[in-house]
Amino acid sequence: EAQVTQNPRYLITVTGKKLTVTCSQNMNHEYMSWYRQDPGLGLRQIYYSMNVEVTDKGDVPEGYKVSRKEKRNFPLILESPSPNQTSLYFCASSPRGKNTEAFFGQGTRLTVV
Amino acid sequence: GNSVTQMEGPVTLSEEAFLTINCTYTATGYPSLFWYVQYPGEGLQLLLKATKADDKGSNKGFEATYRKETTSFHLEKGSVQVSDSAVYFCALSEGGNKLVFGAGTILRVKS
């Protein structure tokens, strides 16, 4: 089954404790991205990757890191989480191109206390 | 920059009512337009799309027409069901894969 898998689904952590949210897709898509969803703001792009070893900042990259060592994986790293990073996070993948459909993971709800 | 504006929700309707969710956009070029739907506890999934002016996207009884003159892409359905209760996001893509989303509209359908 074609899918994007994120882990964990739920995470509560403390300020400053490094964490990683994993994302994996099995569709051989070139393009992957991370979004955060906040009430009233919709989804905002954090980082994206056009292919292996090619990553770039989205609209709200501060406080986040990513890597793309393999085509299927695109982890999101919070080196020192802060409460303002409490949010619902989505990973998405799509084939390269303007009108292609993006496939989303089920989301990771992160709470930083 | 590019942006998408959706009507605020929540929208509450009775089953079999007519649905309209308004969406307007601002873009420098000629974007592709999308509606994504998010059911409770799930990720977003593509509902329909339109890639050029006057195109109509349709799926599962939902329709939206790309109106360049009014920069709009309103979502409509003639008769909603309880199972349509979800959050609906309008989005645009202008070059490449990046999506710009609206704030989302919560739809609640009562039986």
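Protein chains in written order, with our numbering: chain X, 517 to 629; chain R, -2 to 108.
No residue lacks a Cβ here, since even glycine has one placed at the ideal position from N, Cα and C.
Every value quoted in this text rests on a predicted model; they were computed, and no experiment measured them.
Item, Value
"By Cβ distance below 7 Å, which residues in the same chain neighbour X:Gln553 in space, the five residues on each side in sequence not counted?", "Leu559, Ser603, Leu604 and Phe606"
"Counting only beta-carbon atoms, is R:Ser29 nearer than 7 Å to chain X?", "yes"
"Classify R:Ser55 as helix, strand or coil using the three-state DSSP reduction.", "strand"
"Kindly give me the distance between the Cβ atoms of R:Leu43 and R:Tyr33, rounded to whole angstroms, as I take these residues to be in contact under 8 Å.", "6 Å"
"Quick one, which residues of the segment 31 to 52 of chain R are near chain X if we go by CB-CB under 9 Å, in chain order?", "Phe31, Tyr33, Gln35, Gly38, Glu39, Gly40, Leu41, Gln42, Leu43, Lys46 and Thr48"
"Taking three-plus beta-carbon pairs below 8 Å as touching, is the segment 521 to 535 of chain X in contact with the segment 74 to 87 of chain R?", "no"
"Kindly indicate if chain X contains any beta-carbon less than 7 Å away from that of R:Asn19.", "no"
"So the candidates are X:Val568, X:Asn600 and X:Gly579; which of them puts its Cα closest to the Cα of X:Glu586?", "X:Val568"
"Buried or exposed for X:Pro555, please, with buried defined as at least 16 other CB atoms from any protein chain shown within 10 angstroms of its CB.", "exposed"
"Helix, strand or coil for X:Gln519, going by three-state DSSP, please let me know.", "coil"
"Let me make sure I understand the geometry here. Which of X:Thr538, X:Leu527, X:Ser610 and X:Tyr547 has the alpha-carbon closest to that of X:Pro599?", "X:Leu527"
"Strictly below 7 Å CB to CB, what residues from chain X border R:Lys57?", "Neighbours of R:Lys57 on chain X: none; closest Cβ ~15 Å, over 7 Å."
"I'd like to know whether the C-beta of X:Asn615 is nearer than 7 Å to at least one C-beta of chain R.", "yes"
"Of all Cβ atoms in chain R, is any one closer than 7 Å to the Cβ of X:Leu559?", "yes"
"Per DSSP, what kind of secondary structure is X:Asn481 in: helix, strand or coil?", "The shown model of chain X, from 517 to 629, leaves out residue 481 of chain X, and the question about it has no answer."
"At 3 residues or longer, and completely inside the segment 4 to 41 of chain R: list those beta strand (DSSP E) runs for me, N to C.", "8 to 11, 16 to 18, 20 to 23 and 29 to 35"
"Are X:Val570 and X:Gln541 touching if we call contact CB-CB under 7 Å?", "no"
"With the cut-off set at 7 Å, would you say R:Gly101 and X:Gln622 are in Cβ contact?", "no"
"According to DSSP, is R:Ser76 helix, strand or coil?", "coil"
"Say whether chain X places a C-beta atom closer than 7 Å to the C-beta of R:Asn94.", "yes"
"List the residues of chain X whose Cβ lies closer than 8 Å to the Cβ of R:Ser90, in chain order.", "Lys614 and Asn615"
"Which bits of chain R does X:Gln622 rub up against, with CB to CB less than 8 Å?", "Gly38, Glu39 and Gly40"
"Do you know whose CA, among X:Glu578, X:Glu546 and X:Leu557, lies nearest X:Ser610's CA?", "X:Glu546"
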